[in-house]
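Engineer:
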Amino acid sequence: MKTIYTRPKCLKPAPFHYCPGCGHSIIHRLMCELIDEMDLQGRIIGIPPAGCAVLAYNYFDIDICESAHGRGCAIATGMKRARPDKIIFTYQGDGDMAAIGTAETLHAANRGEKITSIFVNNAVYGMTGGQMAPTTMLGQKTSTSPYGRRPDVEGYPLKITDLIGTLPGAAYVTRTSVATPAKILATKKAIRKAFEVQMAGLGYSLVEVLSPCPTNWKVSPKDSFIYLEEKMEKEYPLGVMKDITTKKKDS
Amino acid sequence: MAKVRKGIEVSIAMADAVAQANVDVIAAYPITPQTHIVEHLAEIVANGELDAEFVPVDSEHSAMSVCCGSAAVGARTFTSTSSQGLALMAEIFIISAAMRLPIVMALANRSLSSPLSIWNDHTDTMLVRDAGWIHIFVENGQESYDNIFTAFRIAEDPEVMLPVAVNFDGFILTHMIEPIEYEDDETIAAYLPKFQMKNTLHPDHPVSMGCFGMPEIYTEAQMQRESAIRESYPVILKAWDEWGKLTGRHYRPVETYRTEDADYCIVTMGSYGETAMEVVDSLRQEGEKVGVVKIRLWRPFPNEEFCRAVLGKKSLVVLDRAISFGGPGGPVASELRSALYQKEGAPVIVNTVAGLAGRDVSRNDFRKIILEGKAKAQRGETEGFDLYGLRG
Chain F
667 MKTIYTRPKC
677 LKPAPFHYCP
687 GCGHSIIHRL
697 MCELIDEMDL
707 QGRIIGIPPA
717 GCAVLAYNYF
727 DIDICESAHG
737 RGCAIATGMK
747 RARPDKIIFT
757 YQGDGDMAAI
767 GTAETLHAAN
777 RGEKITSIFV
787 NNAVYGMTGG
797 QMAPTTMLGQ
807 KTSTSPYGRR
817 PDVEGYPLKI
827 TDLIGTLPGA
837 AYVTRTSVAT
847 PAKILATKKA
857 IRKAFEVQMA
867 GLGYSLVEVL
877 SPCPTNWKVS
887 PKDSFIYLEE
897 KMEKEYPLGV
907 MKDITTKKKD
917 S
Chain S
591 MAKVRKGIEV
601 SIAMADAVAQ
611 ANVDVIAAYP
621 ITPQTHIVEH
631 LAEIVANGEL
641 DAEFVPVDSE
651 HSAMSVCCGS
661 AAVGARTFTS
671 TSSQGLALMA
681 EIFIISAAMR
691 LPIVMALANR
701 SLSSPLSIWN
711 DHTDTMLVRD
721 AGWIHIFVEN
731 GQESYDNIFT
741 AFRIAEDPEV
751 MLPVAVNFDG
761 FILTHMIEPI
771 EYEDDETIAA
781 YLPKFQMKNT
791 LHPDHPVSMG
801 CFGMPEIYTE
811 AQMQRESAIR
821 ESYPVILKAW
831 DEWGKLTGRH
841 YRPVETYRTE
851 DADYCIVTMG
861 SYGETAMEVV
871 DSLRQEGEKV
881 GVVKIRLWRP
891 FPNEEFCRAV
901 LGKKSLVVLD
911 RAISFGGPGG
921 PVASELRSAL
931 YQKEGAPVIV
941 NTVAGLAGRD
951 VSRNDFRKII
961 LEGKAKAQRG
971 ETEGFDLYGL
981 RG
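Chains as they are written, first to last, in the numbering used here: chain F, 667 to 917; chain S, 591 to 982.
1. From what residue to what residue does the beta strand (DSSP E) around E874(F) run?
2. Which runs of the beta strand (DSSP E) at least 3 residues long sit entirely within the segment 673-759 of chain S? Give them in chain order.
3. From S917(F) to V863(F), what does the alpha carbon distance come to, in whole angstroms?
4. Taking V791(F) as the query, report the chain S residues whose CB atoms sit under 7 Å from its CB, ordered along the chain.
5. By a C-beta neighbour count over all protein chains shown, 10 Å radius and 16 as the cutoff for buried, is H795(S) buried or exposed?
6. Determine the contact status of A605(S) and F739(S), defining contact as a CB-CB distance below 8 Å.
7. At the level of alpha carbons, what is the spacing between V656(S) and Q968(S)?
8. Within this structure, are the beta carbons of G979(S) and A947(S) separated by less than 8 Å?
9. M798(F) touches chain S at which residues, Cβ-Cβ below 7 Å?
10. Is there a Cβ from chain F that is less than 8 Å from the Cβ of T625(S)?
11. Report yes or no: do the segment 756-774 of chain F and the segment 708-725 of chain F share at least 3 C-beta pairs separated by less than 8 Å?
12. Would you mind reading off the limits of the alpha helix (DSSP H) that contains A837(F)?
13. Any beta carbon of chain F sitting closer than 8 Å to that of E1070(S)?
14. What does L706(S) reach in chain F if we use C-beta pairs closer than 8 Å?
15. Could you check where the alpha helix (DSSP H) with T858(S) kicks off and where it finishes?
16. Counting only C-beta atoms, is Y684(F) closer than 8 Å to chain S at any point?
17. Output the distance between the C-alpha atoms of I602(S) and L763(S), rounded to the nearest integer angstrom.
18. Below 8 Å, can you find three or more Cβ-Cβ pairs linking the segment 773-784 of chain F to the segment 807-822 of chain F?
19. Can you tell me which of the three DSSP states Y725(F) falls into?
20. Secondary structure at T865(S), three-state DSSP: helix, strand or coil?
21. My output table needs one value for F861(F): the three-state DSSP class, helix, strand or coil.
22. Mapping DSSP to helix, strand and coil, what is T622(S)?
23. Identify the contact partners of G795(F) in chain S, using a Cβ-Cβ distance below 7 Å as the criterion.
24. Does Y822(F) pass the burial test, meaning 16 or more other C-beta atoms within 10 Å, or should it be called exposed?
25. Please report how far the alpha carbon of L894(F) lies from the alpha carbon of K884(F), in whole angstroms.
26. Would you mind telling me which residues of chain S sit closer than 8 Å to A742(F), beta carbon to beta carbon, in chain order?
27. Which one of R743(S), P921(S), Q875(S) and V883(S) has the shortest CA to CA distance from V900(S)?
28. At 7 Å on the CB atoms, spell out the chain S contacts of H735(F), in chain order.
29. At what residue ranges does the segment 762-801 of chain F contain a whole run of the beta strand (DSSP E), taking only runs of 3 or more?
30. Comparing C-alpha positions only, which one of R953(S), Y841(S) and G659(S) sits nearest to S734(S)?
31. Would you say S809(F) faces chain S, with C-beta separation under 8 Å as the test?
32. Between which two residues does the alpha helix (DSSP H) containing R695(F) stretch?
33. What residues match up with P769(S) in a beta bridge as DSSP calls it?
34. Mind checking if A605(S) is an interface residue toward chain F, Cβ cutoff 8 Å exclusive?
35. Does the distance from the CB of P753(F) to the CB of F861(F) come in under 8 Å?
36. Hey, is A774(F)'s beta-carbon within less than 8 Å of any beta-carbon in chain S?
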């Protein structure tokens, strides 16, 4: 019998602690598949956040260095500068990346650090119980915006990926989603490219992945994927914001 | 809010107290186990039940900065944090005291990384021990609720004008449902007058805050801070005294339980005080002449009151909830040794560190800590500290 589907080698045989329907487990698997396929296990270092993915080291069978909340890109900078032969990625949520860690993220991107960030955006602070995030959409109800986010009081959804796309140091910046199998495959392709850009020494690479949080959105796992496509993808359009490899080809 | 006794989560009761205190600005970033306080406040403000600004900022560093801004222009200001959040805001936390801004914080005590832990101990608060804030420790839900009001009263007193942290144990108190007696709004309004800041930033009466300090002035500025916190002591006593007269619930900087005829005492801070009292009751039945000393006011340190409570005892078993790495003992025991040094009739001190990162300290554990501490004192083994329950 031919094996056509198996657990990636670097995905530990541990049950995920994530809620049913959560996108983190999908994204973890994609990354582990890629680490296997690209033969990176022995030379990749991951930096998980404070957030739902704080226990990522229980799943990724690679070197992991936990970061204090938001400091991923700064830690990654130190690692990459000292060990440029390693592949360094940060794995961050919207609180980690777009709230408490905005400064580190923008400045690492602006310096063109040769690191990769996987930014999982579910428009809510998941781990602490569903408070409003900078990425929370207008009108979206959370425990700290109980009647929905209001632009005059809580401001607008922060599109940090678009911001980073404007920075000269950023080499590859894209937004994907895990709403459908096709989009999941596109996400995998984007993460592969982000790693390739880093390995080619081209600069900072970032993949924002829109991901469901049924628990804090208070919908079923099935409905959360509909919400993801109909609401989140509308607010956060999928696509490439920056890709210097394409430009090079054009010229 | 009417005067009522209800079973309620301590965090929710604290948020209700903040609303009853009629605060103007709340700024916070979510962190376990503080979240329920700010979530409930967000709801109260969103419901229109409290006319206040609720600012869900991007980090604790920004939270404390927002608090500095709002307090500087005379707004009654509240925040709440824990552990890593406190560590991140430490820069501004220290500055807020130097700028004499009467911010009140509910500090849900939790251990600091690493290893990363969301559970309770006192490592976070010890990080900011010397920041110039007034620190109150409470041991149950009622004390948590009550001391939101006393904290504002103390902080905003024109003779004080310092920020106050109400330290309450994460999870052990934050997530506990307890019977809590609410005071009615009239009582609160009578106790806590409208905040009128004397040296607020206002174009008609310009003041400067947080200025550059050359060596010629830095020492004097530090001395002013030291004097301010020392001189807050009688105001704190008065604030608690008046609260006691209004509500029948009395607070003192150092509280004692069955110490009058005690040969030796266990010393605690925070929620462990209740367990200590129960264990002392049972030890008393066995003939142990033991009592409990509870440090409620950590800063300014109540030197005289502490000495009065313990001079003449044979020994103290001091329970710390944090390690001072490489130091002479736990932070509380070190201070108490210092307070008693060269005093006539000073008890010897045995120091135990226990309950780190929420590791349970049961009544049986307390019993062992107390009895082993007494025996160690008798043997003269008073150096350093024991780490209770250490495995391996």
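Ideal Cβ placement from N, Cα and C applies to all residues, glycine included.
Computed from a prediction, not measured in an experiment: that's the story for all the values here.
Structural biologist: Here's the rundown:
1. To locate residue 874(F), count along the first sequence from 1; it is residue 208. Here the beta strand (DSSP E) through E874(F) covers Y870 to L876.
2. 694-699, 724-727 and 754-759
3. The residue labelled residue 917(F) in the question sits at position 251 within the first sequence. The residue labelled residue 863(F) in the question sits at position 197 within the first sequence. Here S917(F) scores only 47 on pLDDT, less than 50, and its place in the model should not be relied on; the value that follows carries that caveat. Taking the straight line joining both Cα atoms gives about 18 Å.
4. The residue given as residue 791(F) occupies position 125 in the first sequence. According to the sequence provided, residue 791(F) is Tyr. The question's Val does not apply to it. Those are P620, listed as they occur along chain S.
5. Indexing the second sequence from 1 puts residue 795(S) at position 205. Under this definition H795(S) is an exposed residue.
6. Along the second sequence, one-based indexing puts residue 605(S) at 15. Along the second sequence, one-based indexing puts residue 739(S) at 149. In this structure, F739(S) does not lie closer than 8 Å to A605(S) by Cβ.
7. One-based indexing of the second sequence puts residue 656(S) at position 66. One-based indexing of the second sequence puts residue 968(S) at position 378. Cα-Cα distance, rounded: 53 Å.
8. Counting from 1 along the second sequence, the entry for residue 979(S) is found at position 389. Counting from 1 along the second sequence, the entry for residue 947(S) is found at position 357. Cβ atoms of G979(S) and A947(S): not closer than 8 Å.
9. Numbered from its first residue, the first sequence carries residue 798(F) at position 132. Per Cβ cutoff of 7 Å: P646.
10. Position 35 of the second sequence holds residue 625(S). Closer than 8 Å: yes.
11. Flag = yes, the segment 756-774 of chain F and the segment 708-725 of chain F touch.
12. Start at 1 with the first residue of the first sequence, and residue 837(F) comes out as number 171. First-last for A837(F): A836 to S843, but that is the beta strand (DSSP E), not the alpha helix (DSSP H).
13. Lying before the first or after the last residue shown, residue 1070(S) is absent from chain S, which here runs from 591 to 982.
14. The residue given as residue 706(S) occupies position 116 in the second sequence. Ordered by position in chain F, the residues that pass the 8 Å Cβ test against L706(S) are A716, V720 and E732.
15. The count along the second sequence starts at 1 and reaches residue 858(S) at position 268. Here T858(S) belongs to no alpha helix (DSSP H); instead the beta strand (DSSP E) covers Y854 to T858.
16. Walking along the first sequence from the start, residue 684(F) turns up at place 18. It does not: the Cβ of Y684(F) has no partner Cβ on chain S nearer than 8 Å.
17. Indexing the second sequence from 1 puts residue 602(S) at position 12. Indexing the second sequence from 1 puts residue 763(S) at position 173. Rounded to the nearest angstrom, the two C-alpha atoms are 11 Å apart.
18. no
19. The residue given as residue 725(F) occupies position 59 in the first sequence. Y725(F) falls in the coil class under three-state DSSP.
20. Your numbering for residue 865(S) matches position 275 in the second sequence. It is helical.
21. The count along the first sequence starts at 1 and reaches residue 861(F) at position 195. Helix at F861(F).
22. On the second sequence, position 32 is the one that residue 622(S) refers to. If DSSP states are grouped into helix, strand and coil, T622(S) belongs with coil.
23. Taking the first residue of the first sequence as position 1, residue 795(F) is located at position 129. Neighbours of G795(F) on chain S, chain order: T625.
24. Numbered from its first residue, the first sequence carries residue 822(F) at position 156. Exposed is the call here.
25. Mapped onto the first sequence, residue 894(F) falls at position 228. Mapped onto the first sequence, residue 884(F) falls at position 218. Rounded to whole angstroms, L894(F) and K884(F) show a C-alpha spacing of 13 Å.
26. Taking the first residue of the first sequence as position 1, residue 742(F) is located at position 76. Correct list: empty, because the minimum Cβ distance to chain S is about 18 Å.
27. Position 310 of the second sequence, counted from the first residue, corresponds to residue 900(S). It is V883(S) whose Cα lies nearest to the Cα of V900(S).
28. Position 69 of the first sequence, counted from the start, is the residue given in the question as residue 735(F). Correct list: Q674.
29. Unbroken beta strand (DSSP E) stretches of 3 residues or longer found wholly inside the segment 762-801 of chain F: 782-787, given in chain order.
30. If you number the second sequence from 1, residue 734(S) lands on position 144. Here the closest residue by C-alpha is Y841(S).
31. Position 143 of the first sequence holds residue 809(F). Yes - at least one Cβ of chain S is within 8 Å of the one on S809(F).
32. Counted from its first residue, the first sequence places residue 695(F) at position 29. That run of the alpha helix (DSSP H) goes H690 to E703.
33. Here residue 769(S) refers to the residue found at position 179 when the second sequence is read from its first residue. According to DSSP, P769(S) bridges with G597(S).
34. Within the second sequence, numbered from 1, the residue matching residue 605(S) stands at position 15. Taking Cβ atoms only, chain F never reaches closer than 8 Å to A605(S), which makes this a no.
35. What you label residue 753(F) is simply residue 87 of the first sequence in a count that begins at 1. What you label residue 861(F) is simply residue 195 of the first sequence in a count that begins at 1. Reading off the sequence, residue 753(F) comes out as Ile, not Pro. In this structure, F861(F) lies closer than 8 Å to I753(F) by Cβ.
36. Counted from its first residue, the first sequence places residue 774(F) at position 108. By this cut-off, A774(F) is not an interface position.
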